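Report on the following structure.
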Amino acid sequence: MKTEQRLHLCQGTGCLSAGADRLYKALAHELSKLDLPVELKRTGCHGFCQRGPIVICEPQGFFYCAIQPQDAGEIAEALSQGRAVERLCYRDPQTGRPIPTYHEIPFYKGQSRIVLRNCGHIDPEDIEDYLAVEGYQAARRALLEMTPEQICAEVERSGLRGRGGAGFPTGRKWQLCRQAPGSEKYLICNADGGTPGAFMARSILEADPHAVIEGMLIAAYAIGAQQAFIYVRAEDSLAVKRLRIAMAQARERGFLGKNIFNSGFDFDIEIFEGAGAFVCGEETALIASIEGRRGMPSPRPPYPVQSGLWGRPTNVNNVKTYASVPHIIRNGADWYSQIGTKQSKGTAIFSLTGKVNNCGLVEVPMGTTLAEIIYEIGGGIPGGKALKAVQTGGPTGGCLPASLLNTPVDFDSLTALGAIMGSGGMVVMDEDTCMVDIARYSLDFTQKESCGKCAPCRLGTKQMLNILEAITQGRGRMEDLDRLERLAKSVQAGSLCGLGQTAPNPVLTTLRYFREEYEEHIKYKHCRAAVCKGLVKAPCSHTCPAEIDVPRYVRLIAAGRFADAHAVISEKIPFPSVCGLVCFHPCEARCRRALVDDAIAIRALKRAAAERDNGRWKLYVKRRPPTGKRVAVVGSGPAGLTAAYYLARKGHAVTVFEAFEKPGGMMRYGIPEYRLPHEILDAEISEIEAAGVEIHTKTKIESLDQLFAQGFDAIFLALGAHRGVKLGIPGEDEVGVLDCIDFLRRVKLGYHVELGERVAVIGGGNAAIDAARTALRLGAKATVPAADADQEVLDASRMARRLGAKEVRIIYRRSSTEMPASPEEVHEALTEGVQIEFLTAPIKMTKENGSIRLDCVRMRLGPVDASGRRHPEPIPGSAFSIYVDRVISAIGEAPEIPEGFGLRQTKWSTLVVDPDTLMTERPGVFAGGDVVTGPASVIEAIAAGRRAASSIDKYLGGDGDISEVLIDPEEDAPFELEEGERPRVPIQTLRIGERLGGFRQVELGYTAEEAISEARRCLMCDLEER
Amino acid sequence: MSEVKARTQGKLIPLLQQAQDKWGYLPQEALRQIARLLHLPESHVFGVATFYAQFKLTPVGRRRVIVCRGTACHARGGARVLATVKKELGLQEWETAADLSYTLETAACIGACALAPCLVINGQVHGRLTPQKAAELFEERRSRED
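Which chain is which? The protein sequence lines are A and B, in order.
Under this note's numbering, the first residue of the first sequence carries the number 1, and numbering increases by one thereafter.
Under this note's numbering, the first residue of the second sequence carries the number 1, and numbering increases by one thereafter.
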């Protein structure tokens, strides 16, 4: 049989707004030019709206996305040769490989489309297309072969529950309506898609209107209704238009009108265009609206099935419910009830939107987990960001945290967690979303949409909104949280309809799952997503743990005033040069310029400023008279030295105790030379010493009592986290696994470490990358024993560094998206030749013929764990072995706290402190940095040092004010914003050939001109009107 | 209420929609006439006309801009798009320019969530906006009008 070639062009709202109409004309033109026997078909929404316009080539199933009119010629030509145009195919976001057919695209592969089966495959304006896929056969069968009772029973047995939100069993509802007294009955289809974040009702009407009409026909026959209304929003004009066409065609064929299928049954449908009111999603309000009244709900009972439209028994169902019915009648209740869970049968349709790679319409069996929908079908979160929450059920639904992503989607599971299925909105939110703001936003919506009939809803939502606005503007108080909860419960209890009963959901769920964000807004005026305008001057400075005034110094650089820019940075941190080189720049992740092209290179600009400093700012540093108080700081990392610096500035006598031979902590021993040359660190530490800080190296403190006995008034513990965490796999001790931190320290100290030629590094953090890149640079065959070398041997071995290990592999158990190491470090490592084995975990090590046999297993990402990340699980039968000479473990570090301290520790060995004062349970003893938080970053440690200095100063009787003004707060001189896109000025790096021979600094930094040009990309958010 | 009267009342919203289609908004006189036609109190007609978001009691601009405030748009930075449009047009939400060139409205959701953040200008959806792209939309429009 000759296959008939068809081109399906999506004409849904999404694709039309992306230019599908022009594309249709272009395709028609090209096809006629080639005189191809191809049917060009306009279809409804195919669901993958984000990638529109979409073209599908049948019967092969070739799938093209984001097609422009100029691509038409190529498509037509390929069609004539029966091949796909690879360039226009969907590409796997991970591998970049084209996926030619839609069956293979993860977005479709993970779905089971029943209701959406025809969407995108038939022409909604041509009834022949619907008839060709067994259209109206279910209705024919129902009307001719089944009694109304049988239909109700069949639908009830199928387990179909109303898709409008409440989930009432559809068959039972029909039965009730059928049994209600009265000969005149009505049927209503609620197609009011007015729920923000949910557009499936409209999409189904646009793509497959006959399915809804057929479902309504069956329902009408079952309950004995002769007249129906489809309540659809006037704004959904395309849906209205297609519905009108479909109804006219159905009438022509006798599927609507008198004596349908010669059964003697009369039935017709009228379209009622809703005038826009969210509350009309509620059935009694919807009925009021059709009756020409304000859309206000009325108390139930009586239920509409007893007394609805004009007092007659009325059955109201939603589009998805009706569209499911023909499938149930055609395939039987048993078939349908096999799909889904025990209590929720069939499929769930969601509009998946928000911060997710693949947005669009998704149909999955009930019981599919949120994680499966978001990660497998949705393709995860864009930009490598972390998922924070998912809101199901629209603005009256609840927000669930990442840790609950294993929740199956069905009516009861979602309700149990405080969320709802609702009408099927599913909005994914990432770390850039503020949950307090989302609660405020949702309430702002429901408050406006409240019809005003019930006082608790009308007044309560307004009061809740007022409180939420106060919190997001920094005027909140802790007792507000209890008030919110009380109000929420009153609104829930005291409202007639679903709107009021569910309006508090977003507030209650965010309070339950994201309470710490509320507390941060109230207590610290901090919005971690940098969203709330009342709190956030600019997202970069708000996000910086040390609150450096980023926009101000970027503007100074733009004006060529590098030294002044450096002074602005020095107002907040004593390590501006170090941060210019190694800061992990959380500021850049929030930079709004990224919406245009790339984030500003804030870190590199900081370096540019530091390199052009003239030291004039030192004249402005505050010097205070001695207080006579003495502070001991244990540990000389960024936290310890920062605290020491600011405490010395406040006039206290500060002594720093360091166990190793030189100060600097992880900055010296953890960060390799090629990222942070030691001279730069030394220079900044001498500034700290110049401020009066005394540093005692090679001094290990074992007892706090001794320090107090020596006359110190306060102690700051900044010991860091240096003890490597063990892998916990067999053979680890026998083969001599190197601990990453230990390894990096030995290299820094100049020890030679025997690595051999092949090295495996296990882990996925920055430390793993540092270890791998260091190993590449190291001599592979030197012979100096490492463990007990003295100084001379060390010096000798310094000379022994040679060209690197031949083969360095990082083994990481999750995928690249989850990798905590910063992307630019990963990029440099790959450039230098480090290999990364993603989704691989070691399971055993054995010595074999002088090398190490490392048995590994391939992993796949399974359900999420408590941290909200997908947990890797081994793929059965995927074990394999690699042979290496050395294994370096870099899976994390923990603090090592001398027993003599007698301080309480957490199960992660970190110290317990008061989060506000950083004081431990022992008065006068404070702690901060990695020893409290576990391994974190330089800038976070500096921020902890600042907080500790302020807190210790207060403890010692000071005012705790450590602020500095190092240049006159000059008038702000905004520059003219450039038009259009201009990506980040690239930062020059050392050529690969010059890198591996040693530890030369890889990043070369900006020239003055480059820095100025980069700084001028800043959008100056801080000057925006608020 | 008699059966007939109840059924007549059902014509109210479709009639208001027709009137608005004709004049672009609902002049007071139209409301009066509709009330008379359907034998309804004017207060009832006014009540319904002010209840639903679709109905306008004042004239609207030649270009009707509807910025979506749906959840998906909000989560993708819709608030900043709205701020930009307000600035570009010099209008607040639900305001119409004195020269009737533009009306700025917001919608709970226009249902183009996959294209968030988005807005509609005279029925045409513009999606995947940034504040900058939104601003460009009006620059173009302005110069086309010149």
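From the three backbone atoms N, C-alpha and C, an ideal C-beta is built for every residue, glycine too.
All of these numbers come straight from a predicted model, not from anything done at the bench.
Asked: Could one say the Cβ of residue 52(B) lies closer than 7 Å to chain A's Cβ atoms, at least one of them?; Found: yes
Asked: What did DSSP end up calling residue 46(B) once you bin it into helix, strand or coil?; Found: helix
Asked: Which whole runs of the beta strand (DSSP E) in the region 679-746 of chain A are 3 residues long or more, in chain order?; Found: 694-696 and 714-717
Asked: Identify, in the order they occur along the chain, each residue of the same chain with its Cβ nearer than 8 Å to the Cβ of residue 936(A), setting aside the five sequence neighbours on each side.; Found: 929 and 930
Asked: In the DSSP assignment, find the unbroken beta strand (DSSP E) run with residue 531(A) in it and report its ends.; Found: That residue, residue 531(A), is in no beta strand (DSSP E); it is neither H nor E in DSSP.
Asked: Which residues mark the beginning and the end of the alpha helix (DSSP H) in which residue 28(B) is found?; Found: 28-38
Asked: Using only the alpha-carbon positions, how far apart do residue 119(B) and residue 544(A) sit?; Found: 33 Å
Asked: Could you name the residues of chain A that residue 39(B) contacts, counting a contact when the two beta carbons are closer than 9 Å?; Found: Result: empty, since nearest Cβ-Cβ is about 12 Å, beyond 9 Å.
Asked: Which chain A residues are close to residue 46(B), counting only those with a beta carbon under 9 Å from its beta carbon?; Found: Simply none; closest approach about 11 Å.
Asked: Along chain B, which residues have their Cβ under 7 Å away from the Cβ of residue 175(A)?; Found: Per Cβ cutoff of 7 Å: no residues; residue 175(A) is ~27 Å from chain B at best.
Asked: Indicate whether at least one CB of chain A lies closer than 7 Å to the CB of residue 4(B).; Found: no
Asked: Just the Cα atoms here: how many angstroms apart are residue 56(A) and residue 262(A)?; Found: 39 Å
Asked: If you run the structure through DSSP and keep just helix, strand and coil, what is residue 221(A)?; Found: helix
Asked: Tell me whether residue 301(A) is buried or exposed, calling it buried when 16 or more other Cβ atoms sit within 10 Å of its Cβ.; Found: exposed
Asked: Which residue's Cα is closest to the Cα of residue 137(A): 110(A), 515(A), 253(A) and 432(A)?; Found: 253(A)
Asked: Just how far apart, CA to CA, sit residue 803(A) and residue 777(A)?; Found: Note that residue 803(A) has pLDDT 36, beneath the 50 cutoff, so the model's placement of it is unreliable and no number is given.
Asked: Just the C-alpha distance for residue 355(A) and residue 435(A), rounded to the nearest angstrom, thanks.; Found: 14 Å
Asked: Please determine if the region 115-128 of chain A and the region 45-62 of chain A are in contact, where contact requires at least 3 C-beta pairs separated by less than 8 Å.; Found: yes
Asked: On the DSSP bridge assignment, give the partners of residue 268(A) in chain order.; Found: 227(A)
Asked: Drop a sphere of 10 angstroms on the beta-carbon of residue 42(B), count the other beta-carbons inside from all chains shown, and report buried for 16 or more, exposed for fewer.; Found: exposed
Asked: Find out if the Cβ-Cβ distance for the pair residue 1016(A), residue 558(A) is shorter than 7 Å.; Found: yes
Asked: DSSP three-state label for residue 93(B), please.; Found: coil
Asked: Just list the residues that DSSP pairs residue 64(A) with in beta bridges.; Found: 55(A) and 89(A)
Asked: Taking C-beta to C-beta, are residue 852(A) and residue 735(A) nearer than 7 Å?; Found: yes
Asked: If you draw a straight line from the alpha carbon of residue 790(A) to that of residue 903(A), how long is it in whole angstroms?; Found: Only weak support exists for where residue 790(A) lies, its pLDDT of 39 falling under 50; the value from the coordinates is given anyway. Roughly 34 Å separates the two Cα atoms.
Asked: Between which two residues does the alpha helix (DSSP H) harbouring residue 835(A) extend?; Found: Unbroken run through residue 835(A) is the beta strand (DSSP E), 835-837; no alpha helix (DSSP H).
Asked: Using the beta-carbon of each residue, which ones in chain B are nearer than 8 Å to residue 471(A)?; Found: Chain B residues near residue 471(A): none, gap ~17 Å exceeds 8 Å.
Asked: Of the residues that make up the region 100-125 of chain B, which ones have a beta carbon closer than 8 Å to any beta carbon in chain A?; Found: 107, 108, 109, 110, 111, 112, 113, 114, 115, 116, 118, 123, 124 and 125
Asked: Quick one: what does DSSP say residue 810(A) is sitting in, helix, strand or coil?; Found: strand
Asked: Of the choices 867(A), 675(A) and 763(A), whose alpha-carbon is the least far from that of residue 386(A)?; Found: 867(A)
Asked: What residue range is occupied by the uninterrupted beta strand (DSSP E) comprising residue 430(A)?; Found: 425-430
Asked: In the DSSP assignment, what are the bridge partners of residue 919(A)?; Found: 926(A)
Asked: What would DSSP say about residue 115(B), mapped onto helix, strand or coil?; Found: helix
Asked: Considering residue 191(A), what are the terminal residues of the beta strand (DSSP E) in which it resides?; Found: 186-191
Asked: Starting from residue 9(A), trace the beta strand (DSSP E) both ways and give me its first and last residue.; Found: 6-10
Asked: Would you call the region 690-698 of chain A and the region 628-648 of chain A in contact, with 3 or more CB pairs under 8 Å?; Found: yes
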